[in-house]
Amino acid sequence: MVIHLTIIFMITETGVICAANIYHQIKTGGGGPFNIIKDLRLIDKNLPLSIVGLLGNDDNGQCQRGTNSLLSSIHFDFNYLVNEKHCTLFYLGYLTLLDGLDQIINNETIAAKAQLTLPFVDHLILNEIEIGLILNQSFQQGTISQIEQAARILIENYGIQRTVTVHFDCGAVCVSRENNLNIECFYQGSLYLPQGYIKSAVGTGDAFAAGIIYGIYKNWSIQERLRCGICVAAMCLKDLTSYGGVGTIEECLQLKEAFCFRTLELTSSIHDIEN
279 MVIHLTIIFM ITETGVICAA NIYHQIKTGG GGPFNIIKDL RLIDKNLPLS IVGLLGNDDN
339 GQCQRGTNSL LSSIHFDFNY LVNEKHCTLF YLGYLTLLDG LDQIINNETI AAKAQLTLPF
399 VDHLILNEIE IGLILNQSFQ QGTISQIEQA ARILIENYGI QRTVTVHFDC GAVCVSRENN
459 LNIECFYQGS LYLPQGYIKS AVGTGDAFAA GIIYGIYKNW SIQERLRCGI CVAAMCLKDL
519 TSYGGVGTIE ECLQLKEAFC FRTLELTSSI HDIEN
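In case it helps, our numbering puts the sequence shown at residues 279 to 553.
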C-alpha cells in the first residue's frame, strides 16, 4: 500500500476555517502488514522476516487500490515458510478487511467473522475501537477496567489461545493465559512526551504491535513486551510517516530512561493522558 500524506496549514477564525494551504506532501509505504514488517526491520536488522501479499502492476510504486482483496489461501505456502524460511510467527492483517480470505464466511458481520476466527489466534493485538467492533460495544469513552473486562471476555468466551493486548492513548492492557492457563492481567502506561515531540500518529498502532511481536519472538515477559510496544510506538510519533521515526531496539528502549511512564488507574478514562 502506498500512503499519500498531505500536511495542511489551516488559518482559522472563531473556529471557522478561513484558508487552508498544502504545506508538505509525502508519498510513502503504509498499511498494517507493511508498517509492521518495516518497523521490525528497523528494530533489528538481523531479524528473519518474510511477507506474503499481492502487488498491483501499475504506476505509483506498484500500488493498485484493492489488490489485496484478491488475496486468498492459495497465496500462502506455509510448508515453505516453516520448513525453508523457518518462520515461527505469522501475523495477519487486516482480518475482516481481506475480501478473498473472508469469503470463508459469507454474509456475516465484522463481529461474526472475527468471533469465528478467534479460537485460531494465539496473540490478538488491537485498539479500543477494534475490540468494540468484535463485541458490538463502544469503548471509545471507556475506562481501563472496562477494557480489561472486554479482553477477558475474548480470552474466556471466544477462545483466544494466549494473549489479548489492547492499546489506547494512555497505555495498554494485556490479558494472558500463557502461564499454566491461569488468566492474568498486565497494565502499562504510555510515556509522558514533551511538548512538540509528536509529529504524527500515523502508524503508531502498528509500531506498538511490532514491539509486542518482537517481544514475543524474543520470549520476553509480558510486562517487557508491553514496555517495548509503548517505546516503539513513542518513537513512531516523532516522524510524519508511519515508520520513519522508529530506530533500533536499543534506541527505542532508551526512551524508558529519557521519559517517565504513566501510572494507570483502573477507573481512569483510556484517553486520560493528563495524569
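Yeah, the Cβ is synthetic: ideal placement off N, Cα and C, and Gly gets one too.
Please read all numbers here as calculations on a predicted model, not as lab measurements.
When DSSP labels each residue in this structure, what does residue i get in the three-state scheme?
i: Q466; result: strand
i: T395; result: helix
i: G339; result: Below a pLDDT of 50, predicted positions are generally treated as unreliable, and G339, at 46, falls in that range; the measurement from the model is reported next regardless. G339: helix per DSSP, three-state reduction.
i: S547; result: strand
i: S347; result: helix
i: E408; result: helix
i: V524; result: coil
i: N361; result: helix
i: S479; result: Reading off the sequence shown, one finds Ala at residue 479, where the question assumed Ser. A479 falls in the coil class under three-state DSSP.
i: I329; result: coil
i: L518; result: coil
i: L373; result: coil
i: L367; result: coil
Going by alpha carbons, who is nearest to residue i out of the options?
i: K516; options: Q466, I527 and Q473; result: Q473
i: L349; options: Y372, T541, I407 and R430; result: Y372
i: C538; options: C365, L471, L402 and H401; result: L471
i: K363; options: G310, P326, F398 and I490; result: P326
i: N324; options: L533, R540 and Y495; result: Y495
i: R540; options: L504, G493 and G523; result: L504
i: N361; options: R319, P397, S546 and S328; result: S328
I'd like the span of the alpha helix (DSSP H) that includes residue i, first residue to last.
i: N405; result: Segment H401 to N405 is the beta strand (DSSP E) holding N405; no alpha helix (DSSP H) there.
i: N313; result: G310 to I321
i: Q532; result: Segment: none, Q532 is in no alpha helix (DSSP H) and carries neither H nor E.
i: T482; result: T482 to Y495
i: V510; result: I500 to C514
For residue i, write down the residues that DSSP places opposite it in a beta bridge.
i: F354; result: Paired residue(s): none; F354 is not in a bridge.
i: F539; result: L469
| request: Please go through the segment 415-472 and give each complete beta strand (DSSP E) segment of 3 or more residues, from N-terminal end onward. | output: 441-446, 449-454 and 462-467
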